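One structure is given below, encoded as structure tokens.
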Amino acid sequence: MQSKSSSFTTVCLLSIFILFGGMSFAQQYNPIPVAVPSLQIAPVARGGGMGDIGVASMPDVYSQYWNAAKYPFVTSNGGFSISYTPWLSKLVNDIDLVYVCGFWKFGNEGLNALSASLRYFSLGNVDIFDQNTDYAMAVSPNEFAFDVAYSRKLSETFSGAVTLRYIRADYSTGSDEIMPGNAFSADISGYNESYLNLGRSEALLGLGFNISNIGTKISYDGGNTSMFLPTNLRLGASLGLPVDDKNTFSFSFDVNKLLVPTPQPPVEGETEEERAKRIKKYSDISPIGGIFSSFGDAPGGFKEEMQEVMWSLGVEYFYNNRFSLRTGYYHENEYKGNRRYIAFGAGFKMSTFQIDAAYLVSTAQSNPLDQTLRLSLGFDIDGIRQLLR
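Structure below.
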């Protein structure tokens, strides 16, 4: 069967462009393949406006994606939010990501928190045609994830969290060759918040980590083959510096590394049997084994391992805890995906709600992520209660 639609064709052409564009780099171009790639898309606008930063930034209602361990440090007792991102908007108009999350603190002095999120990534509508080019049906490929987290403050300055996640990816086209894939994963995260005396000011120092998507592999062909989830290690730090009672600056830095084994490239003169053995050896790696091997399996040695580290740097300015302006930079090595962009963002916050927006400007040539827009709307349960009294 043959599929034809603007979304599907454009995405395929984009993949081919990336694949063959890398040929000029020979074996140096070696991105790590993962399943359900939308799990790597930062869905919320606040972190998006700082270059996809959030593992250690000031806690807020959007913390579920970045680091659920931050929730016990949120000043409110509860909140929820919705975010929307049109994806690859320069190429198509029907691929988008919708993300909903929320949290509730409970227990003595709010030491505990339960949180959850749901994300739905739509790849648009795809028209399916039979071998005679007659219209057969329309399908809507999508990726879906739902997770629940429990976080607890373990000391005055440190909290930890565990997140459990269900993942489903449906690329089926009406045939028996491609079937929906299901997987389960978990996150382990931690956050530390302390104060530093810097001159006459008291700065807020945040440190965080999140190991996300530790879980099963996922298969789209009934278990004949399987792919790794995008298991990821994220480390970060932030420093909030108050200038006076109304003006505050926050500086944040995140680093990321996929904890997924790097595929070994084909060698010159490789036979079909040798190729099959190489692919089978990679496929036989377990998810946990892949986490440990990912720190030293790159064909290019230590240099290539360092190329697999992505980093981002962001700045946020608050005025009177109401208005905020943000900017940041995200960097991924050109041989590992070449996502490099400057981000801009802004936000407005009241006692009951906050609204945030982010805009991405690519610094890499011909990047389809250029001009990506993110929008988020959050609500504060405490503020809503006070309003209704």
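Be aware that the sequence shown starts at 1, since it is given in the UniProt record's numbering, and climbs by one per residue. We treat Cβ as the ideally placed atom computed from N, Cα and C, and that holds for glycine. Being a predicted model, the structure only gives us computed values, none of them experimental.
Rounded to whole angstroms, Asn247 and Thr75 show a C-alpha spacing of 19 Å. In the displayed model, Arg46 falls within a helix according to three-state DSSP.
Counting only the Cα atoms, Gly301 lies some 42 Å from Ile82. Nearest to Asp254 by C-alpha distance, out of Arg326, Tyr330 and Asn213, is Tyr330. Excluding the 5 residues flanking it on each side, Asn192 has same chain C-beta neighbours closer than 6 Å at Thr157, Phe158 and Leu207, in chain order. When secondary structure is reduced to three states using DSSP, Pro86 falls in the strand class. In this structure Leu375 is not in contact with Tyr359, their Cβ atoms being roughly 10 Å apart against a cut-off of 8 Å. Within the same chain, Phe348 and Leu377 come within 6 Å of Ile355 by CB-CB distance, once the 5 residues on both sides are set aside.
Annotated as proximal: Tyr335 and Gln28, with beta-carbon spacing under 8 Å. When rounded, the separation of the alpha-carbon atoms in Thr262 and Met50 is 28 Å. Gly54 and Leu123 have their alpha carbons spaced roughly 26 Å apart. Pairing Tyr62 with Glu268, the inter-Cα distance amounts to about 48 Å.
When only Cα atoms are considered, Asn256 and Val309 end up about 6 Å apart. Here Val36 is buried, its C-beta having at least 16 other C-beta atoms within 10 Å. Classified as exposed, Arg389 has fewer than 16 neighbouring CB atoms from the shown chains inside 10 Å of its CB.
For Ala35, there is no enclosing alpha helix (DSSP H), as DSSP gives it neither H nor E. Between Ala161 and the set Trp66, Ala346 and Gly345, the nearest pair of CA atoms involves Trp66.
In this structure the stretch 136–152 lies against the stretch 103–122, because at least three pairs of beta carbons, one per stretch, are closer than 8 Å. In the three-state reduction of the DSSP assignment, Tyr220 falls in the coil class.
Cβ contact annotation for Tyr171 (same chain, cutoff 7 Å, sequence separation greater than five): Pro141, Ile178 and Tyr220, in chain order. Remark: C-beta atoms of Ala346 and Asp187 do not approach each other more closely than 8 Å. Ile285 sits away from Leu259, with the two beta carbons spaced by 8 Å or more.
Between Ser212 and Asn232, the beta carbon gap of about 5 Å places them in contact (Cβ cut-off 8 Å).
Ranked by how close their Cα comes to the Cα of Leu235, the residues Val243, Phe209, Ser250 and Gly48 have Phe209 in first place. Distances from the CA of Tyr99 to each of Val361, Lys90 and Phe80 were compared; the closest alpha carbon is that of Phe80.
Beta bridge pairing from DSSP links Gly206 with Glu193 and Ser238. Residue environment: Ala113 is assigned as buried (16 or more neighbouring CB atoms within 10 Å of its CB, all protein chains considered). In chain order, Asn338, Arg339, Arg340 and Tyr341 place their CB closer than 8 Å to the CB of Asn367, counting only its own chain and leaving out the 5 sequence neighbours on each side.
Note that the stretch 99–110 does not touch the stretch 195–202; fewer than 3 beta-carbon pairs, one per stretch, sit closer than 8 Å. The Cβ-Cβ distance between Ser89 and Gly102 does not fall below 8 Å. Under a 10 Å Cβ-count criterion, Lys70 is classified as buried, with 16 or more other Cβ atoms of the shown protein chains found around its own Cβ. In the DSSP annotation of this structure, the continuous segment of the beta strand (DSSP E) that includes Arg152 starts and ends at Asn142 to Lys153. Here the alpha carbon of Arg275 sits roughly 49 Å from the alpha carbon of Asp60. Taking the Cα positions, Ile95 is about 15 Å away from Ala42.
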